[in-house]
Each structure stands twice: as C-alpha cells, then as structure tokens.
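The structure appears below as structure tokens.
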Ligand SMILES: [Cu+2]
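In my numbering, the protein residues as written are 4 to 118.
See below:
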C-alpha cells in the first residue's frame, strides 16, 4: 500500500468564524479522519479537521482516482491515486475546501478546517 504525505502551501487561509461551535466536537472525534473513494464517490462527503490535522484519502475502487482542491488557500493535487493506495493531506489553514477528482468530475467533498 502506497502512502504519500502532501503538505499544503496554504498561502491564504479563509478564516471562517461562524461554523466553529457546531464543528468543534466533530473535529475532536475525527482526529485521523479517513475519506474513502468508493463507487465513484468520496465517503463521507463532508469532513472536519483541526488546523494542522490530516485527512487520509483511501482509494477502495478497483480503478484510479485523483484528489485535488481548487479552493483558494488550499490548492493541491495528489495526481493519480492507484487502487488500494492512500494519501494523507495536511490542512494548515482554517477554511472550507472543496475536494474533487479530475477523472470523475461528479466526485466532490467539502473539508472544513477549524482553528
Ligand atoms: Cu475519481
């Protein structure tokens, strides 16, 4: 199983103050969050992580996927992710990041990074 760590440059963080109360408990419960790529979908489609934390993307489909974010402040692209591989991405800046797959444009998830 291939494991790669990608660190975000995170030049511009979008500080979102409003959602912090709601997601505070979730963030703690989901330390070490995993999002799987399964059935041409990200599952779960939403996740919350504290700033500096990681989300691991694991491909459980029998074909390749990609994970990238076009969101300002969190732009990254892990390239082709082979079946049965996983990639951990660190999110440094608080904000909300859209996650997509270049191979399957309908695949989409939202990562909320809290303080
Ligand atoms: Cu895909």
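No residue lacks a Cβ here, since even glycine has one placed at the ideal position from N, Cα and C.
Query: Distance between beta carbons of residue 48 and residue 112, contact taken as under 8 Å; Result: 5 Å
Query: Where residue 109 falls: helix, strand or coil (DSSP); Result: coil
Query: Sequence-distant residues of the same chain with beta carbon closer than 7 Å to residue 30, five excluded per side; Result: Residue confidence is low: residue 30 scores 41 on pLDDT, short of 50, so the model does not pin down where it sits. Its coordinate-derived value is still stated next. Same-chain partners within the cutoff: 51, 52, 53, 117.
Query: Residue environment, residue 61, which counts as buried when at least 16 other CB atoms sit within 10 Å; Result: buried
Query: Neighbourhood of residue 109 by C-beta, 6 Å cutoff - its chain only, sequence neighbours within 5 removed; Result: none
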